[in-house]
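Asker: One structure coming up, written as structure tokens, with questions to follow.
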Amino acid sequence: MTGARMRNHAETELMLKGYGLTTAEILYRMPDHRSVLQTFVWQHYDLAPKFPELFRFLDFWKSRLEGPLHSVVYTHRRLIAPNEWRNVSGE
């Protein structure tokens with residue numbers, strides 16, 4: 000199986016387990032110019048409502064990066080809902 004096919008298979012498994020696509024817009028202050036705000040957009044499959052991947056990334060940011068966080072706005076969308084999935088045999 001090629002890398003792209005393996006990645007698609009893994010993403011489908013995550014979606015079937017209830018994961019959805021989380022997008023976060025992160026505003027942070029420039030390290031050398033604290034009055035200047037910069038934007039960073041982050042996307043990852045995550046599990047609502049606890050968002051472990053998002054919080055893991057924000058913990059990494061706070062511990063390892065110099066630009067202090069100003070604010071985080073996020074949205075989450077499940078790509079496969081339980082009522083949209085059904086097993087179909089054949090074509």
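The numbers in numbering that gives the first Met the number 0 rise by one with no breaks, and the one at position 21 of the sequence shown is 20. Using N, Cα and C, we set each Cβ at its ideal position, and we do this for glycine too.
#1: Quick one: grab the DSSP three-state call for GLU24.
#2: Where HIS43 and LEU78 are concerned, what is the direct C-alpha to C-alpha distance, given to the nearest angstrom?
#3: If you follow the alpha helix (DSSP H) that ASP58 is in, where does it begin and where does it stop?
#4: Helix, strand or coil: how does DSSP classify HIS32 here?
#5: Name the two residues that bound the continuous beta strand (DSSP E) containing VAL71.
#6: Buried or exposed: THR21, going by 16 or more other Cβ atoms within 10 Å of its Cβ?
#7: Determine the direct distance from the alpha carbon of ARG28 to that of PHE35, and round the result to whole angstroms.
#8: For LEU53, is the classification buried or exposed, using 16 other Cβ atoms within 10 angstroms of its Cβ as the cut-off for buried?
Answerer: Working from what's here:
#1: Reduced to three states, the DSSP call for GLU24 is strand.
#2: Each residue's alpha carbon lies about 12 Å from the other.
#3: Its alpha helix (DSSP H) spans residues 51–63.
#4: Three-state result, HIS32: coil.
#5: VAL71: member of the beta strand (DSSP E) spanning 68–77, first to last residue.
#6: Counting Cβ neighbours within 10 Å, THR21 comes out buried, since at least 16 surround it.
#7: Looking at the sequence itself, residue 35 is Val, so the reference to Phe does not match. Across the structure, VAL35 and ARG28 are spaced so that their CA atoms are roughly 6 Å apart.
#8: A residue is called buried once 16 or more other Cβ atoms fall within 10 Å of its Cβ, and LEU53 is buried on that count.
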